[in-house]
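> Right, I'll just put the structure down here and ask away after.
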Amino acid sequence: FVTVPEAVSDDIASRVEPGPGFGSVKVTVTVGSSTWSTSVFPDSKSGRYVLPVKAGVRRREGNHDGDELQVALVIHR
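All residue numbers for the sequence shown refer to the numbering used here, where the first residue is -2 and numbers rise by one.
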């Protein structure tokens, strides 16, 4: 999982009503050359959203646990 920065999490929360499924928000994500549709989920401990990143994407992009990622999120309305 990638923890979405606080300012971005606040922006997401201010723009959309949380959906069903644990308050998830549907998004399109780009990491490197990989783009896919998924959801971000609120994390009650940090107060931020978290983004699941598929194992196939991590392998394709050469990402490992603890790496910082540059992520583009587009919210679905």
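By construction, the Cβ of each residue, glycine as well, lies at the ideal position given by its N, Cα and C atoms.
Can you find at least 3 beta carbon pairs, one from the segment 2 to 17 and one from the segment 61 to 72, that sit closer than 8 Å?
yes
> If distances are taken between C-alpha atoms only, which option among 32, 10, 28 comes closest to residue 20?
Looking up residue 20 in the sequence shown gives position 23. When each option's Cα is compared against that of residue 20, the closest is 10.
> On the CB-based measure, 16 or more other CB atoms within 10 Å of its CB, does residue 66 come out buried or exposed?
Working through the sequence shown from its first residue, we reach residue 66 at position 69. Exposed, by the Cβ-count rule.
> Would you list the one or two residues that DSSP bridges to residue 23?
Here residue 23 is taken as the residue at index 26 of the sequence shown, counted from 1. Beta-bridge pairing links residue 23 to 36.
> Where do the N-terminal and C-terminal ends of the alpha helix (DSSP H) with residue 45 fall, by residue?
Numbered from its first residue, the sequence shown carries residue 45 at position 48. Residue 45 -> not in any alpha helix (DSSP H); beta strand (DSSP E) instead, spanning 45 to 48.
> Cα separation between residue 48 and residue -1?
For the purposes of this step, residue 48 is taken as residue 51 along the sequence shown, with counting starting at 1. For the purposes of this step, residue -1 is taken as residue 2 along the sequence shown, with counting starting at 1. Approximately 5 Å, taken between the alpha carbons.
> Do residue 34 and residue 27 come within 8 Å of each other at the CB atom, strictly closer than that value?
Start at 1 with the first residue of the sequence shown, and residue 27 comes out as number 30. Start at 1 with the first residue of the sequence shown, and residue 34 comes out as number 37. Taking 8 Å as the Cβ cut-off, residue 27 and residue 34 do not qualify as a contacting pair.
> In this structure, does DSSP put residue 5 in helix, strand or coil?
Taking the sequence shown and counting its residues from 1, one reaches residue 5 at position 8. Correct three-state label for residue 5: helix.
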